Amino acid sequence: MPSKEFRAHLREAVIPGQYRHLTRVQEGEFEGSIAFVFSSQESEEIVEYSAIVSDDHDYPQNHSFVVFATSENANPAITKALDMAQKEGTFNQSTIHELLAAMEDLTLNALNAPQEPTAHSDTDDFDAFGDSDFDDFDSERPIKVSFLMVSAEKLREKMCADLRDAKAAGFRIGLIREPGNPFLIVSISYRISRLGISEDAMQAWKLERQDYFVLLIRYTKVYVDMKDVFELGDIPSQDSDAPSLPEASSKASREQIASDLRSCFISEPLQKLLNERFFPIAKLRHKFNFSWTGAELFFQNNQGMISNDDNTNSPDYQRPDDWVTPAPDIFQKDHFAKVSPDLSKMSLPLVAMQYVLRHFAKCGEFCLVCHCKTFNPFETLKPYVCSNGLCLYQYIGHGMGSNLEHTIRTQPKVVDLLVSLVYASTSAGRLEDFPTGLGLKVPRLETPKYYDAFLDPETMTLTGMEIGKNTFTVGTWVAFGMPGNDVISAWSSRITSIDRDGGFLILSEPVPWQETAFRKVLPRTKISGEQLAVRFALYDTEFDDLTVGGKQSAIRMLLNSLPDVVTMESYLKKSGPEKTFSSWDRLNPAALDTLRWIVASNRSCIMQDDTNPDHLVKNMPGYVQFRLIQGAPDKEHRFMQAVNQHSMLQKPRCPTLFAWHGSDLHNWHNILRQGLHFDQIVHGRSQGNGVYFSNQFTTSLGYSRGPEVGGTWPGSNLHIARVISLNEIVNCPRKFTSVRPYFVVDNLQWIQPRYLFVGTTVGTTDAASVPSVKPKKRRADSDSISILPQDPQYVAFGPNGAKINIPMSALSYQRRQALSKVLPVHNDPRARSSKKPSRVMDGVPHDDDLRSVASEAEDIALLLSDDEVLPMKNLAARPVTNKMAFEPDKLTSGSVSLLEEPQYSDSKTTSVLQRHLKAVLKLQKTERLDELGWYVNKYLLQTVYQWIVELHSFEKDLPLAKDLEKRKLQSVILEVRFPHQFPMSPPFVRVIRPRFREFAQGGGGHVTNGGALCMELLTNSGWSPVASMESVFLQIRMAITSTDPWPARLSANDGRGSYTIHEAVSAYKRACQTHGWAIPTELPTA
188 MPSKEFRAHL
198 REAVIPGQYR
208 HLTRVQEGEF
218 EGSIAFVFSS
228 QESEEIVEYS
238 AIVSDDHDYP
248 QNHSFVVFAT
258 SENANPAITK
268 ALDMAQKEGT
278 FNQSTIHELL
288 AAMEDLTLNA
298 LNAPQEPTAH
308 SDTDDFDAFG
318 DSDFDDFDSE
328 RPIKVSFLMV
338 SAEKLREKMC
348 ADLRDAKAAG
358 FRIGLIREPG
368 NPFLIVSISY
378 RISRLGISED
388 AMQAWKLERQ
398 DYFVLLIRYT
408 KVYVDMKDVF
418 ELGDIPSQDS
428 DAPSLPEASS
438 KASREQIASD
448 LRSCFISEPL
458 QKLLNERFFP
468 IAKLRHKFNF
478 SWTGAELFFQ
488 NNQGMISNDD
498 NTNSPDYQRP
508 DDWVTPAPDI
518 FQKDHFAKVS
528 PDLSKMSLPL
538 VAMQYVLRHF
548 AKCGEFCLVC
558 HCKTFNPFET
568 LKPYVCSNGL
578 CLYQYIGHGM
588 GSNLEHTIRT
598 QPKVVDLLVS
608 LVYASTSAGR
618 LEDFPTGLGL
628 KVPRLETPKY
638 YDAFLDPETM
648 TLTGMEIGKN
658 TFTVGTWVAF
668 GMPGNDVISA
678 WSSRITSIDR
688 DGGFLILSEP
698 VPWQETAFRK
708 VLPRTKISGE
718 QLAVRFALYD
728 TEFDDLTVGG
738 KQSAIRMLLN
748 SLPDVVTMES
758 YLKKSGPEKT
768 FSSWDRLNPA
778 ALDTLRWIVA
788 SNRSCIMQDD
798 TNPDHLVKNM
808 PGYVQFRLIQ
818 GAPDKEHRFM
828 QAVNQHSMLQ
838 KPRCPTLFAW
848 HGSDLHNWHN
858 ILRQGLHFDQ
868 IVHGRSQGNG
878 VYFSNQFTTS
888 LGYSRGPEVG
898 GTWPGSNLHI
908 ARVISLNEIV
918 NCPRKFTSVR
928 PYFVVDNLQW
938 IQPRYLFVGT
948 TVGTTDAASV
958 PSVKPKKRRA
968 DSDSISILPQ
978 DPQYVAFGPN
988 GAKINIPMSA
998 LSYQRRQALS
1008 KVLPVHNDPR
1018 ARSSKKPSRV
1028 MDGVPHDDDL
1038 RSVASEAEDI
1048 ALLLSDDEVL
1058 PMKNLAARPV
1068 TNKMAFEPDK
1078 LTSGSVSLLE
1088 EPQYSDSKTT
1098 SVLQRHLKAV
1108 LKLQKTERLD
1118 ELGWYVNKYL
1128 LQTVYQWIVE
1138 LHSFEKDLPL
1148 AKDLEKRKLQ
1158 SVILEVRFPH
1168 QFPMSPPFVR
1178 VIRPRFREFA
1188 QGGGGHVTNG
1198 GALCMELLTN
1208 SGWSPVASME
1218 SVFLQIRMAI
1228 TSTDPWPARL
1238 SANDGRGSYT
1248 IHEAVSAYKR
1258 ACQTHGWAIP
1268 TELPTA
C-alpha cells in the first residue's frame, strides 16, 4: 500500500485547476501509480500519461518515477523528451506536484520545439502486435499486421473489421502465427456457462462452467474473407479451415496446454462439419436465401447430384431456424442474415462461430452424421442421429457414440439396465426404434430355413448335412434348436472350420456360457463320438428386411446370445485398458452391434448412485438407485425460471415437491429417450390431461407392472422386476390439472426427473427383501443440512410407508447455496430468522460470467509452437496445486547486480516497450501470480529497456523447487535487456541468481554455465517480432522447468550465489556458436 504522504499528495493533486494544461489527474490502474492527461488548445495535442513510483514506501525521499505516454499516437518529440528526462533522473525524489509540473513543462517544450525530419523505413512503420488484448479492434484505426504475407492495406483492414464484428457480437478473439510457417490462426471463444447449460448437463457432457468453447480457424499464405470464398470458388482446406488441436499446435505446445485445451464430446463431428460442409452450406444459404436449416437439408439431399434450382422452393427448404427449446441469443442474432447479401460486410470468423455454436449448444436437435435437424418433438440431453439408416451405420460403425467398453468399465449396472429395458420392450412388442442400417445378419425367424444335422457336444462337430450344396463359410454364426421344434433356442455357435471332403463343420463353444442351460438342450457325454440330432439356422438374413415383429424377435435372440455384464466387465479387466470387444470371438458381431446401439442411442444421462451412502435416498429398501438427467441442456434453467415465477416467493424453503411416477417396464426404454409426456393414453385419464404423479410410492407402484412372460433378459445381473422414478416438480399445486388423488401436471417444463429406482427379484419376488446399502451414521446436526426439506403437505413416502429422506446432493451446487440462506443451520433456532427470498435459483451460476466478454484483458490466444507462444488464458479454472510460496516485491535494488544501463533510445522502440510493460503489469494485477509463474518488479525499473523478472511458484515436486526451498529462496531472478532494434531483435535474458548446476555435471533447464539462457527463441534466427513478453516469460519458465534431458538443479557449491556479467555474456556467445545461431548485434559487452 502506498505511503501516507503519497496518498495525501495525490488527494491534493486531483483538485482541478492547479495546472493549466493537465486534467483528469487521478489514481492510476495500479497501486502507486498516477494517471493524467495533457491538452493544449494551441497545438490541439492530447496526450495521456501514466506514472509509476519506483517504491511508494520510500516516497517522498528515496524514490523515482517511471512515466509512460499511454496514448496510441503520441508525438515522437514527446517520447524522445520523456526518455531523455528519465535517463537524466529528472523525476528522482520528486513529489507528485513537482512531477506533474515537470511533465507539463516537458510536454509544452517538446511540442514547441522545431521538428526534425525523419526517414521512415519498413521497420520504422512496424506496429507491435504482441499482446492479446486487441484493444485496437475497438477503434477504427487499422492495425498493421506484419506477419501477413500479403501487404495490401485493404486486406489488413478487412481482417480487423471481421474480428471487430466478432468481438462486438460478444465473442473473444485471438491471433497467433507460428514462426517459420505461413500460418495465421484466429481463435474465437465463448464461455460455456453463458449458454444456459445446466450443471447436470455439463456433468453429462464432461464440461466445467469455467470452460470456453473455442473455434480455431487456420489460414495459410493470406487472410481469406467470406467474399473471397463465395466469388473465387471452393477454398482448399489447407488455405482456410478449422484445425484440430493437434494440427493447430506443435508437439511441445500440445503437451504444455493439455490441461487447458481438450476436445469436447462432439469435437470430431463439429470439426468434420466445418471442414467439409460449412462453406458449401453457406454458399447455398446466400444463393437461395435459405435459413441455416434449409441450406443444410438442401445440401444433404442434393449431394452428388446435378445442380437443380427448380426444387429450392420446396417447403422443406423454407423452414425457419426454430428450436424445440429456446436458443441463446449469441447465435440467434444471426450475423449472416443481418448483412446478407452484402458479402463485403460479412465476417467469416463470426459466421463460422455462430454456425458451429448452434450445433454445439443445441446438439440434441441435430444429427451427428448428416448435421441436419432431426425434427424430433421431444427434448434430448445427448445428441444422436436422424432416422436415416446410413447415418446410424456411420454413427455406430465409426464409434461416434458412447464408448461401450468404457461404459461397461465405469457403469456396468447402467448397461444392464439399458439392455433389460430394451429386452422388456421387445417382449411386449413396444419397441419403436430399431438398429437399422447397421448391416446386421440374423437367422430367418419368420419363415425359417432350417438344417437338420447331428452334433457331437464333446467336440462341437456338426455332421449329417450336404455341405457341398450349401453355402457355409468360416466365421458364420448358427443358431440351434431341437428337431421338430421351430423355435430357435437361446444359444449360438460360430463356424471355426469346414471339412468339405469329410462333410462336417467344427463349431466354437456355445454362447451364452450358461452351462446348465446348454446341458438341458445338448447334454455333453463322456463317450466321445456320441451325437445328438439338432436343427440349426444360419445368420444369413438382413435384419432390415424383417417385419417389425421379426425385428423384435431378432433383437431378443441377439441379446440372449450375450454374456452377462459382469462377465463382459471381467473380460475387459483381464484384457487391458486398450482392449475392445471386437477382438472377442465369443461375441456374435450382430449381437455386439446391437449392444453398441443400445448404449449409444441412450439420450438420458444415467449414473448408478450407490457408491456414496450420503447421496442415497433413504428408506428405499430393495431398490437400486440411479441418478437420472433428462431433457435439453437448458431444461434445468427453464425449470428454475418456473420455480422463481410460481413458487419461490410463496414457499422459499420448499419451492419444489417430490413425487413418484410409475409405468410398465416395457415403457421405460422410450421414456429414457423421449422423456415423460402424455401423448399416449395407457391407464386412462380420469383426472385430466397431464403426467400423473403421486407422493405415495405404493400408489405409483401399482402402475409399474413388471416384464411380460419371457420378458426378462436372461443375462441380467440386476434381475429387474419394476422401475419407478422420483421427480422434482414446481410446488404450485393450484395450477396442476389435478391434486387429489394424484398430481396431474400438464406443463412439462415444471417436471424434472431426478432418480430412477429399480426393483429387483434376486431369487425372490419380494423386492423389499433385497438389502439396500446402509448409509454411514451421521450426527443429528449434520442431517439437518444434508437432507432436503419437503413441503409438510406433500411429503413423499417410500415403499414401507415411511417418509423418504432426499439428500441435498439431488440439487445443483448453486441451488444448495441458495437454500442455505433460507434454511436453519444445525437446528439452531437463532438461525431461523426471517429472510426475504431472492431470485437466485435460476439454474445458472451467478459469478463473473457477465464480465467475461467486457474484460478485454481476457482475450484468448492459444499456445501453438516451440518457438513462439502468444498469451493464453486458462480455458478452465484449475485447482490450486502444491506450489512454492511467493511474496512479490521483496527484492531491493542493492541486492542484484545488473548490466550497465543502456545508453541508447528510440521513440518507436520506447513506445513498443511501454505497451509491453503496460500489458504485463496489467496481467499481474488481474491474474493470479501463482498461475502466471513470473513477476516483473515495477519498483526496480529505472528504464523500460531493462527489466528484472522473477520466476516463481514452481511445483514442489520439481527438483529445482526442492533445491530452492532447501536454500530458502523463493524465485529465480532474471535480467531482461532490450536492444535498440526491439522488437525486430530479441532481448538478452540471463539468470542473475541463483547459480545452476553446469551441464557437464548433469544440470539442465537450458541455463548455460554463465547464467545466460540457451534458447533459439532469444537469438536472431529464432526470434519473432510479434511475440509478447508474457509468451517469452512463459517459454523461459517452461525451459527452466523442463526435465528433458535432465532437470535443472542448483549448484551444490554456491546455490545462493549470483552470476557475473562476464560469465553470462561469454556463455551466451559460446551457446550461439555451438548451435549455429545468429548473435544479436547489440549484445552487451562483457
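If you're matching positions, the sequence shown starts at 188 in our numbering and goes up one per residue.
Idealized CB from N, CA, C, for every residue including glycine.
Just so we're clear, the structure is a prediction, and the values are computed from it rather than from any experiment.
Using the C-alpha atoms, what's the distance from residue j back to residue i?
i	j	result
T781	P622	7 Å
V790	C550	Correcting the residue identity first, residue 790 is Arg in this sequence and not Val. When rounded, the distance between both Cα atoms is 11 Å.
N1291	S996	Because residue 1291 is not part of the residues shown, which for the chain are 188 to 1273, the question remains open.
C694	A640	Reading the sequence as shown, one finds Leu at residue 694 and not Cys. Their backbone Cα atoms lie some 13 Å apart in a straight line.
S912	D603	17 Å
D686	W664	17 Å
P962	A983	Here the model assigns P962 a pLDDT of 41, short of 50, so the residue's position is not dependable and the matter cannot be decided.
G902	L746	8 Å
T537	Y377	For the record, residue 537 in the displayed sequence is Leu; it is not Thr. For L537 and Y377, the distance between alpha carbons rounds to 12 Å.
D459	S1094	A small fix is needed here, since residue 459 is Lys in this sequence, not Asp. Computed Cα separation, rounded: 49 Å.
E483	L618	30 Å
F944	T480	39 Å
K560	Q519	16 Å
State buried or exposed for residue i, treating a residue as buried only when at least 16 other CB atoms are found within 10 Å of its CB.
i	result
S501	exposed
D953	Annotation note: pLDDT 36 at D953 (below 50); position unreliable, coordinate value reported separately. D953 is exposed by the Cβ-count criterion.
H1249	exposed
A195	exposed
T703	With a pLDDT of 38 at T703, under the threshold of 50, the modelled position of that residue is not reliable, and the figure given next carries that caveat. So T703 ends up on the exposed side.
F466	buried
H208	buried
F562	exposed
R921	exposed
E199	exposed
F735	Before going on, a small fix: residue 735 reads as Val here, not Phe. Result: exposed.
L709	Confidence at L709 is low in this model, with a pLDDT of 49, below 50, so the placement of that residue should be treated as unreliable; the coordinate-derived value is given next. L709 is buried by the Cβ-count criterion.
T947	buried
R211	exposed
M832	For the sequence presented, residue 832 should be read as Gln rather than Met. The residue in question, Q832, is exposed, as its Cβ has fewer than 16 Cβ neighbours within 10 Å.
G1030	Model confidence at G1030 stands at a pLDDT of 44, short of 50, so the residue's coordinates are unreliable; what they give is reported in the following sentence. With 16 or more Cβ atoms within 10 Å of its Cβ, G1030 is classed as buried.
So which of the options has the shortest CA-CA distance to residue i?
i	options	result
P1166	V1099, T1230, G1192	V1099
K474	K414, L935, R381, Y582	K414
T924	F523, L935, E915	L935
S769	E592, G1191, P644	E592
G897	E653, Y610, V931	Y610
S1208	D503, L627, Q1260, G1190	Q1260
D727	L627, E291, I517, Q273	L627
Y206	V254, S220, A288	A288
Check whether the Cβ of residue i lies closer than 9 Å to any Cβ atom in chain C.
i	result
G662	The question asks about chain C, but that chain is absent: this structure has only one protein chain.
Say yes only if the C-beta of residue i is nearer than 8 Å to one or more non-hydrogen atoms of the ligand PLP, and no if none qualify.
i	result
Y610	As presented, the structure is devoid of all ligands, the ligand PLP included, so that no description of it is given.
So residue i packs on residue j, CB below 8 Å; how close in whole Å?
i	j	result
G1192	I1227	4 Å
V543	L362	So it is not a contact: roughly 19 Å between Cβ atoms.
V1178	Y1132	19 Å between Cβ atoms; not a contact.
G1197	A1254	3 Å
I583	M755	Contact flag wrong, Cβ pair sits at about 18 Å.
I want to know whether the region 1163–1178 touches the region 1143–1152 - three or more CB-CB distances under 8 Å. Cβ pair count under 8 Å is below three, so no.
So does the region 1196–1205 actually touch the region 1111–1123, counting three or more Cβ pairs closer than 8 Å? Verdict: no, contact absent.
Examine the Cβ distances between the region 257–270 and the region 280–300 and report whether three or more of them are shorter than 8 Å. The region 257–270 is in contact with the region 280–300.
Kindly confirm or deny that the region 819–837 and the region 381–399 touch, where touching means at least three C-beta pairs closer than 8 Å. Output reads yes: the region 381–399 touches the region 819–837.
Check whether the region 502–513 touches the region 525–532, taking contact to mean three or more Cβ pairs, one atom from each stretch, closer than 8 Å. With fewer than three CB-CB distances shorter than 8 Å, the region 502–513 does not count as touching the region 525–532.
Inter-stretch contact (C-beta, 8 Å, three-pair minimum) for the region 845–858 and the region 880–893: Judged by Cβ distances under 8 Å, the region 845–858 makes contact with the region 880–893, as three or more pairs qualify.
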